[in-house]
Amino acid sequence: MNTLLFDLPSLVAGSIMVAMTFYALLGGADFGSGVWDLLASGPRARQQRELIAHAIGPIWEANHVWLIAAIVILFTGFPLAFAEISTALFIPLMLMLVGIVARGSAFVFRAYGSQTDSVRQVYGTVFAIASVVTPIFLGIIVGSISSGRIVVVDGAVRTDFFDAWLGAFPFAMGALTLCLFALLAAVYLAIEADSAHDEALREDFRRRALIAAIVTGGVAWISLFFIRQDAPVLYAGFVERPWTLATVGLSMVLGVGTIAALLKRRFYVARLTVVLQVICVMWTWAFAQYPYLVLPNLTIQQAAGPEITLQIAVVALVAGGLILFPSLFLLYRVFKGRKVFALIDAPAGNQTGARGA
Amino acid sequence: MTDALAARLLMGLSLAFHIVFAAAGIAMPLFMVIAEWRYRRTGETVWLSLAKAWSKGAAVLFAVGAVGGTVLSFELGLLWPGFMQFSGSIIGVPFSLEGFAFFTEAIFLGIYLYGWERVSPRLHLGAGVIVAVSGAVSGLLVLMVNGWQHAPAGFEVANGQAVNINPFAAMFNPAWPHIALHMSIAAYQTIAAAMMGIHGIMLLRDRSNLFHRKAFAFALTATLITGVLQPLAGDFSAKQVAQLQPAKLAAMEGQFKTEQGAPLRIGGIPNPNTQETPLAIEIPGLLSWLAFGDTGATVIGLEAFPRADWPPVLLVHLAFQIMVGSAFVMLGVAGLGAVLAWRRRRLPDSRWYLWLAALAAPFGLLALETGWVVTELGRQPWIIQDIMRTLDAVTPMTNLGVPLVSFALIYVALAVITVWVLTYQVLHSPRIAPGHAPAA
Ligand code: HDD
Ligand code: HEM
Ligand code: HEM
């Protein structure tokens, strides 16, 4: 029970984690780009913003659907958990929704609306601020689910609507989410600028990625400190499974790797390490929390819907995935070029942009 | 205002907002794909201009629809946790499938919008077709959920829990066919009528612009086709409602007494206290005939139901009248246009007719919204017909007035800006001279 995941409910719960991982890696980076839009500065501020708009324009809607996928799988497979989470975290969820609405609509209005600079600037500001606020609330929500404050008694949640999320750990998670998204975005954008052969812009984002990597590391350390105090059940989950400590260590090594790769201008390597780092953090967390869906006392098994629904859901997920992944592949190939899935940088000389330092 | 009322208003408001964009998400891709296809077949660049112009509009509408839809998927749990806890595993499957439909729609829309110069013509057109199909499929899937609320199927209730769940029976519930048919046509009709009005107004400013002439002719044809089909689909809906939700039918028609050979009431103000519907034009036997195909059939009146189970009769009846009236306005205007076009063998572009077309344009939206008011208010007080009451599903959260007002303001702002952005696009649409030769 404690280690293996091959029962049906765990499989479905795992697929929610998969969707959330893709959401973080793809949608999260779109939010992170918005952060850099807000922080655009220096002589090339305008070009930075244009690169961002160009980079996320064709793909952000598809990237956003990962969140919807996670939600619908959650309420199909685990209706009880969905009801409890939405009740206890009503306020941060609502605030996150406001951010989602503001970000998406401001982005298209800027792209397709009137072209006067002052109006575009207003849309741009809304887009950028919403891109900062939304990941913070997303992190708060995830942090709350893990911090053991959503107490379910007799199939109903007990809450005053604040206690579940007003705490140091959820807020630390909000900050960490924001930093990780900004880090992802900076690395992706450096590659984007590189493919556009714009070295100055690439250096802008390289510098930003380095700063983000260091800040992320700091915030991660601080939140580790809060876990013990503020999320004791999760902490126990870590301690009970010694190998999770190893993966936490691995994510730190990867963080250092990202910094090293950025220093050496190995952008594809940096992207690889940062992606692995996010995956490592998210899945270590999921395993530490297993078998609980909502801490402290709602397990995956308890929250699971009937077997038949889970079976159909799994079949639907597999069948849908067969359509989805080739389509996504096509989308990124069309807009991100031939090297979109490159894992490491091609040897220098063979390549226009990223030469060694 | 009670919190439950605020929750209902917020849900209704969000859906009323979303449905406009959803209709566009269903219809616009089809229209732009048809335009692009005609360009590829005939080489007439005006069709290419139309496809590009419409796809720009679709980009905006789609994005606002996507964020609004995201709000809805969360609101189901935020506002109605009791409902989702009970029914998530019964009707979650179509929602999950819808997730994939959204994915395909968003992916290929990205390729369509940003890929004019990047992919081959064949792939581009194919991407458009996929967007159009997945848009329609998204609608069909979510309506499975909605249909299930009206005619729940595929489960049994034991101790307040759903058991013996059969998700397929829930998906293909008895209300789904009529709702899916009628709503899908409504999406195309609403957008067609709106386009007819927009391009009509632009023709009033410049009658020789080939761009707007083609678009107007296209929209007029689409309004006519859907305008003929929709009353037939609506009649099918009414027959189904008569079987599945007799209280709703009674409210729609202001029918208080159970009656043989019930009359069809046009207009009228139903009064639940006197249990009469004064000021209506009554056509004897017609309601019985419309609902059951027999002028003598018995129509169940509201008196057959406990007073606590009555839907809000006045609103449902008025909304129904407005929807049906709007249908005939659109059909009349489009039909007249067809007659004019046939007799004059040219586009009906006299000023008075263009004005008429412009005035008819909003009736699609009006029918769309009032139709949903009929359907959803007519189901009250049930969130799941005869299974769960709306009041038993609502969140324990208090102060719901705050999110209600906030989202109302957000929706107003989004609506205003969307209209503004679209107006900007329309005003900057291309001018194509009449003699413009088709590309070689
Ligand atoms: C362009 C929009 C439009 C037009 C012209 C019409 N309708 Fe409609 N109607 C809708 C748009 C709509 C809708 C908004 O799409 C609804 C809400 C739910 C549904 O299935 O369709 C609806 C619901 C709806 C229902 C309730 C279905 C239910 O509760 O399950 C009935 C009985 C009708 N309609 C009947 C008609 C008739 C007899 C019409 C014409 C003579 C008509 N409608 C024109
Ligand atoms: C998009 C078109 C739709 C519109 C305009 C619409 C409109 C409304 C309105 C006006 C209400 C408030 C009714 C009241 O409480 O008095 C409502 C309630 C509700 N609708 Fe719909 N609806 C639509 C589609 C749907 C769909 C597709 C679903 C389900 C998947 C749905 C689920 C609900 C729920 C759960 C409620 C709240 C409970 C209730 O009031 O019964 N609606 N809707
Ligand atoms: C409770 C009811 C509903 C929920 C939860 C819901 C949910 C959603 C979501 C999450 C999206 C965004 C997808 C994306 O990101 O691409 C969306 C879009 C869409 N919805 Fe809804 N929806 C509801 C009602 C409806 C209804 C009644 C229809 C039409 C019959 C509809 C048709 C569509 C379509 C065609 C789209 C894609 C086009 C667009 O984004 O404008 N939805 N919906």
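Protein chains in written order, with this note's numbering: chain A, 8 to 364; chain B, 388 to 827.
No residue lacks a Cβ here, since even glycine has one placed at the ideal position from N, Cα and C.
Predicted, not measured: the structure shown is a model, and the values here were computed from it.
Count the other CB atoms, across all protein chains shown, that sit within 10 Å of the CB of residue i; report buried if there are 16 or more and exposed otherwise.
i      : result
I229/A : exposed
I668/B : exposed
V808/B : buried
I23/A  : buried
A824/B : Only weak support is given to the placement of A824/B: the predicted model assigns it a pLDDT of 47, under 50, and the value that follows is read from those uncertain coordinates. That one is exposed.
L169/A : The amino acid occupying residue 169/A in the given sequence is Phe; Leu does not appear at that position. It counts as exposed.
G680/B : exposed
Q632/B : buried
R272/A : buried
V129/A : exposed
R362/A : At R362/A the pLDDT is 34, less than 50, meaning the model places this residue with poor confidence; the figure from the coordinates comes in the next sentence. That one is exposed.
H704/B : buried
N9/A   : Summary for N9/A: the model assigns pLDDT 42, below 50, so the residue's position carries little reliability; its value from the coordinates is reported in the next sentence. Exposed, since its Cβ has fewer than 16 Cβ neighbours within 10 Å.
G430/B : exposed
D124/A : exposed
L185/A : buried
W739/B : exposed
M388/B : exposed
A364/A : For A364/A, the predicted structure reports a pLDDT of 29, less than 50, and the residue's modelled location is therefore unreliable. A value from the coordinates is still provided. Classification of A364/A: exposed, given that the 10 Å Cβ count is below 16.
G356/A : Unreliable placement is indicated for G356/A, whose pLDDT of 41 sits below 50; no coordinate value is reported for it.
Which bits of chain A does residue i rub up against, with CB to CB less than 8 Å?
i      : result
P790/B : M101
T491/B : I330, L331, S334
M365/B : This structure does not reach residue 365/B, given that chain B is present from 388 up to 827, and the question cannot be answered.
Compute the distance between the beta-carbons of residue i and residue j, then report whether it is under 7 Å.
i      : j      : result
T782/B : L466/B : yes
V726/B : A747/B : no
M531/B : P564/B : no
V164/A : T94/A  : yes
I572/B : A620/B : yes
V518/B : P416/B : yes
L590/B : L741/B : yes
F470/B : A780/B : yes
F134/A : A197/A : no
A200/A : L58/A  : yes
E462/B : S525/B : no
V222/A : A31/A  : no
Q472/B : L305/A : no
P671/B : P650/B : yes
A394/B : G788/B : no
F598/B : V433/B : yes
Applying a beta-carbon distance threshold of less than 7 Å, which residues of chain B neighbour residue i?
i      : result
I107/A : V454, T457
S112/A : A450, V451, V454, L801
P313/A : S476, I552
Just the chain A side, please: which residues come within less than 9 Å of residue i by C-beta, in chain order?
i      : result
L500/B : G64, P65
S816/B : Correct list: empty, because the minimum Cβ distance to chain A is about 13 Å.
Identify the contact partners of residue i in chain B, using a Cβ-Cβ distance below 9 Å as the criterion.
i      : result
T94/A  : G464, L465, P468, T782, P783, M784
I307/A : Within chain B, no residue comes near I307/A; the closest Cβ sits about 14 Å away, beyond 9 Å.
F29/A  : Per Cβ cutoff of 9 Å: no residues; F29/A is ~11 Å from chain B at best.
I157/A : Correct list: empty, because the minimum Cβ distance to chain B is about 13 Å.
P16/A  : Neighbours of P16/A on chain B: none; closest Cβ ~11 Å, over 9 Å.
Along chain B, which residues have their Cβ under 8 Å away from the Cβ of residue i?
i      : result
Y119/A : K443, A446, V447, V808, Q812
P86/A  : M471, Q472, F473, S474, G475, S476, G479
What does residue i reach in chain C if we use C-beta pairs closer than 8 Å?
i      : result
A220/A : No chain C appears in the structure shown, which is made up of the protein chains A and B.
Worksheet item: Which residues, in chain order, does the region 59-79 of chain A contribute to contact with chain B at a C-beta distance below 8 Å?
Response: Within the region 59-79 of chain A, the qualifying residues are G64, P65, I66, E68, A69, H71, V72, L74, I75, A76, I78, V79.
Worksheet item: Would the region 252-268 of chain A and the region 330-339 of chain A be scored as touching if the rule is three or more Cβ pairs under 8 Å?
Response: With contact defined as three or more Cβ pairs closer than 8 Å, the region 252-268 of chain A and the region 330-339 of chain A are not in contact.
Worksheet item: Got a sec: which bits of the region 586-608 of chain B sit with their beta carbon under 8 Å from any beta carbon on chain A, in order along the chain?
Response: Within the region 586-608 of chain B, no residue has a Cβ that lies closer than 8 Å to any Cβ of chain A.
Discussion item. Could you check whether the region 652-661 of chain B touches the region 699-714 of chain B, counting it as contact only if at least three pairs of C-beta atoms, one from each stretch, sit closer than 8 Å?
Written reply: Result yes; three or more Cβ-Cβ pairs closer than 8 Å.
Fill in: Interface residues of the region 125-148 of chain A facing chain B [CB-CB below 7 Å]
Taken residue by residue, none of the region 125-148 of chain A has a beta-carbon sitting less than 7 Å from a beta-carbon on chain B.
Practice prompt. Would you be able to state if there are at least three C-beta pairs under 8 Å between the region 591-599 of chain B and the region 538-554 of chain B?
Written response: Three or more beta-carbon pairs separated by less than 8 Å are not found between the region 538-554 of chain B and the region 591-599 of chain B, which leaves the two stretches without contact.
Worksheet item: If contact means a Cβ-Cβ distance below 7 Å, which residues of the region 426-444 of chain B contact chain A?
Response: Here the close residues are K443.
Worksheet item: For the region 644-674 of chain B, which residues have a beta carbon sitting closer than 9 Å to at least one beta carbon of chain A?
Response: For the region 644-674 of chain B, which is checked against every Cβ of chain A, not one residue is closer than 9 Å.
Discussion item. Check whether the region 85-103 of chain A and the region 511-527 of chain B touch, using three or more Cβ-Cβ pairs below 8 Å as the test.
Written reply: Touching, no.
Worksheet item: Taking contact to mean at least 3 C-beta pairs separated by less than 8 Å, is the region 29-42 of chain A in contact with the region 201-211 of chain A?
Response: They do not touch, by the three-pair rule.
Worksheet item: Using 8 Å as the Cβ pair cut-off and three pairs as the minimum, do the region 106-120 of chain A and the region 476-495 of chain B touch?
Response: Short answer: they don't touch.
Discussion item. Could you check whether the region 232-245 of chain A touches the region 170-182 of chain A, counting it as contact only if at least three pairs of C-beta atoms, one from each stretch, sit closer than 8 Å?
Written reply: Yes, since at least three Cβ pairs between the region 232-245 of chain A and the region 170-182 of chain A fall closer than 8 Å, the two stretches touch.
Worksheet item: Closer than 8 Å, Cβ to any Cβ of chain A: which residues of the region 696-718 of chain B, in chain order?
Response: Of all residues in the region 696-718 of chain B, none has a Cβ within less than 8 Å of some Cβ in chain A.
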